[in-house]
Amino acid sequence: MHPFRTNTIRFFKLLMILFTSRITMHTSDSDVSSSLSTLSLEGQFSFHDMSHAAKDFGNRFQLLPSAVLQPKSVSDISTTIKHVYQMGARSQLTVAAQGHRHSLQGQAQAPGGVVIQMESFKGPGIQVQQGKLPYVDVAGGELWINLLKETLKYGLAPKSWTDYLHLTVGGTLSNAGISGQAFRHGPQISNVYQLEIVTGKGEVMTCSPAENADLFYGVLGGLGQFGIITRARIALEPAPKMVKWVRVLYSNFTTFTQDQEMLIAAENTFDYIEGFVVINRTGILNNWRSSFSPQDPVQASHFTSDGKTLFCLEMTMNFNPDETEIMNKEIYMLLSKLRYIPSTLFQSEVTYVEFLDRVHVSELKLRAKGLWEVPHPWLNLLIPRSKIHNFADGVFGNILRDSSNGPILLYPLNKSKWDNRTSVVIPDEEVFYLVAFLSSAPSSANHDTLESALKLNADILDFCKQADIGMKQYLPYYTKEEDWRTHFGSRWKVFAQRKLDYDPLAILAPGQRIFRKTTSISSQKLLQMV
1 MHPFRTNTIR FFKLLMILFT SRITMHTSDS DVSSSLSTLS LEGQFSFHDM SHAAKDFGNR
61 FQLLPSAVLQ PKSVSDISTT IKHVYQMGAR SQLTVAAQGH RHSLQGQAQA PGGVVIQMES
121 FKGPGIQVQQ GKLPYVDVAG GELWINLLKE TLKYGLAPKS WTDYLHLTVG GTLSNAGISG
181 QAFRHGPQIS NVYQLEIVTG KGEVMTCSPA ENADLFYGVL GGLGQFGIIT RARIALEPAP
241 KMVKWVRVLY SNFTTFTQDQ EMLIAAENTF DYIEGFVVIN RTGILNNWRS SFSPQDPVQA
301 SHFTSDGKTL FCLEMTMNFN PDETEIMNKE IYMLLSKLRY IPSTLFQSEV TYVEFLDRVH
361 VSELKLRAKG LWEVPHPWLN LLIPRSKIHN FADGVFGNIL RDSSNGPILL YPLNKSKWDN
421 RTSVVIPDEE VFYLVAFLSS APSSANHDTL ESALKLNADI LDFCKQADIG MKQYLPYYTK
481 EEDWRTHFGS RWKVFAQRKL DYDPLAILAP GQRIFRKTTS ISSQKLLQMV
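Quick note on UniProt numbering: the sequence shown kicks off at 1 and runs consecutively.
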């Protein structure tokens, strides 16, 4: 497009926004909230007892909305957003889509705004399409565990997962969705064929790589900034019935990472590869990710850590019962190439569903003890391969010395499996590591546990900055625009332009704290953004 035409279109966009904001300056937020009840919807609004919508898994931010929508159709969502959009900049009312509320720092909350409970909207149900390129169409508010149960009826399953399946499809696709399969299949956002989106203008749009491609890629990993995912078409593959589950321990970090990188580069390798760090007195496998299955599988021979920091490599291989002998030979060959401590081999055979839903088993145990709904000051980082040893020396060697209040994941990913057209920001190296500090801070244990965990997180982030680690946050959290600009780097201009195109009044996902809706829109500010 000619530069003059591009600038002209941009200018008229700004005029329209400014005009909308100036002709509607006298309606109060209370009037806007009251007007929601007049909308014609299949679902319903709730204006009372909304405390549940002001909580999330992080359990640190409790921000009450003015209304909660339980939608029964895409039209309900579209009508609500369009209504808020038409109110223009005269109102501070915002909208947040809320799935299973597993955000960590209030990202799915809308203080004084409207929360849309996506689990209330199921659409036409889960629809599986078999064939050469099988897929499933599913509502954005559906849980992955329910999706799995339905696709397994056809002998199929999604290719890429998260470690925890009781999350909504729209929620994980708005971030990335990664687990131990991502080295091979990429994150969940690399396995999507099509999306249905409601934009910040209330428009319902079908998008794919061939149709409305800019919105398609923008929404994937877009932190909810450009639209709400109401339906997704997800790639499927034949599902195995069983999983061979293996864990081994290392005492040397270099050997541990070299073996991981060798495995993710191999053509014939495991189907799932993750690692985690065991700090001194935490206990070799004494945390909520430790149990192989409810049936107490084969354990390793006696091993004493002597208080050292250890590194656990966790792997699985999918198989069907008639393939057991071949699978065991393949596992034996792969293990023979690894340099783990021989006495620390843990093995188990479980069903495919048992493995994928493993964290939920631990969740139920923690809920029974009142240890699930506690603060979770998690910190998820993506570290370039060239700096992973510097990071380990500084963090595991100095900042974290005694113990950790939760699992620490550490495993490599292949950049080539991530589509750089999406909104997710990752390090600019072919191999990079996810390092996730999954801390819990139960108040009953120690009143300053949360403060201590937050200080550790701050120390880790400060170290990364001082040591020029070149990390990127996964599930990022910043409160200042300059920090978001730094996070996105050269991609900030594209991100801001998409915001202007699809949510020009900054209505959506205010809890991400990237853009802020204001009562008067500054043309200079918008020009800076684009």
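We put the CB at the ideal spot given by N, CA and C, even for glycine.
inquiry  = Checking 8 Å against the spacing of the C-beta atoms, do Lys244 and Met317 come in under that value?
reply    = yes
query = Below 8 Å between beta carbons: does that hold for Gly177 and Gln188?
reply = yes
Buried/exposed call for Leu500, threshold 16 Cβ in 10 Å = buried
query = If you compare alpha carbons, which of Phe61, Leu167, Thr38 and Ser34 is closest to Tyr477?
reply = Phe61
task = Spell out the partners DSSP gives Leu143 in its beta bridges.
result = Thr168
request  = Check the DSSP bridge columns for Ile273 and list the partner residues they point to.
outcome  = Met315
task = Give the range of the alpha helix (DSSP H) segment to which Thr486 is assigned.
result = Glu481 to Phe488
message = Alpha carbons only, please: which of Arg247, Ala368, Val277 and His389 is nearest the one belonging to Leu335?
response = Arg247
query = Any chance the CB of Lys55 is under 7 Å from a heavy atom of the ligand MG?
reply = With respect to small molecules bound, the structure shown includes none, and the ligand MG cannot be examined in it.
query = When we look at the beta-carbon of Asp76 and count the other beta-carbons within 10 Å, is it buried (16 or more) or exposed?
reply = buried
ask   = If you scan the segment 34 to 113 from start to end, which runs of the beta strand (DSSP E) of 3 or more residues do you find wholly inside it?
value = 44 to 46, 67 to 70 and 95 to 98
inquiry  = By the DSSP assignment, the beta strand (DSSP E) with Arg498 in it spans what residues?
reply    = Counting along the chain, Arg498 falls outside any beta strand (DSSP E), though it belongs to the alpha helix (DSSP H) covering Trp492 to Tyr502.
request  = Give a yes or no on whether the C-beta atoms belonging to Ile197 and Leu173 are separated by under 8 Å.
outcome  = no
task = For chain C, find out if any of its Cβ atoms is closer than 8 Å to the Cβ of Ser78; answer yes or no.
result = No chain C is part of this structure, which consists of one protein chain only.
inquiry  = Do Gly113 and Gly170 count as a contact pair if the criterion is CB distance below 8 Å?
reply    = no
inquiry  = Pop quiz: Leu133 and His83 are said to be a contact at Cβ under 8 Å. What is the actual Cβ separation, rounded to whole angstroms?
reply    = No, Leu133 and His83 are not in contact; Cβ-Cβ is about 39 Å, not under 8 Å.
ask   = Should the segment 201 to 216 be regarded as contacting the segment 88 to 95, the criterion being three or more beta carbon pairs within less than 8 Å?
value = no
task = Could you name each continuous alpha helix (DSSP H) segment of 4 residues or more that falls completely within the segment 366 to 401, going from the start of the chain to the end?
result = 388 to 394
Distance between Val374 and Val219 (C-alpha atoms, nearest Å) = 30 Å
query = According to DSSP, which residues form a beta bridge with Arg233?
reply = Asp137 and Gln194
request  = Determine the DSSP secondary structure at Gly511, reduced to helix, strand or coil.
outcome  = helix
task = Assuming Leu104 contacts Trp378 (C-beta within less than 8 Å), just tell me the rounded distance between them.
result = 5 Å
message = At the level of alpha carbons, what is the spacing between Gln117 and Thr38?
response = 19 Å
inquiry  = Between which residues of its own chain and Ser251 is the CB-CB distance below 7 Å, once the five residues before and five after are set aside?
reply    = Lys308, Leu310 and Ile341
request  = Determine, using beta carbons only, whether Val128 and Leu156 come nearer to each other than 8 Å.
outcome  = yes
ask   = Considering Arg421, what are the terminal residues of the alpha helix (DSSP H) in which it resides?
value = Note, Arg421: premise wrong, no alpha helix (DSSP H); not H, not E.
task = Please look up how many angstroms separate the CB atoms of Lys415 and Glu430, rounded, as I've assumed it's under 8 Å.
result = 5 Å
key: Distance between Ile273 and Ser343 (C-alpha atoms, nearest Å)   = 20 Å
task = Could you tell me the distance, in whole angstroms, from the CA atom of Glu349 to the CA atom of Ala266?
result = 23 Å
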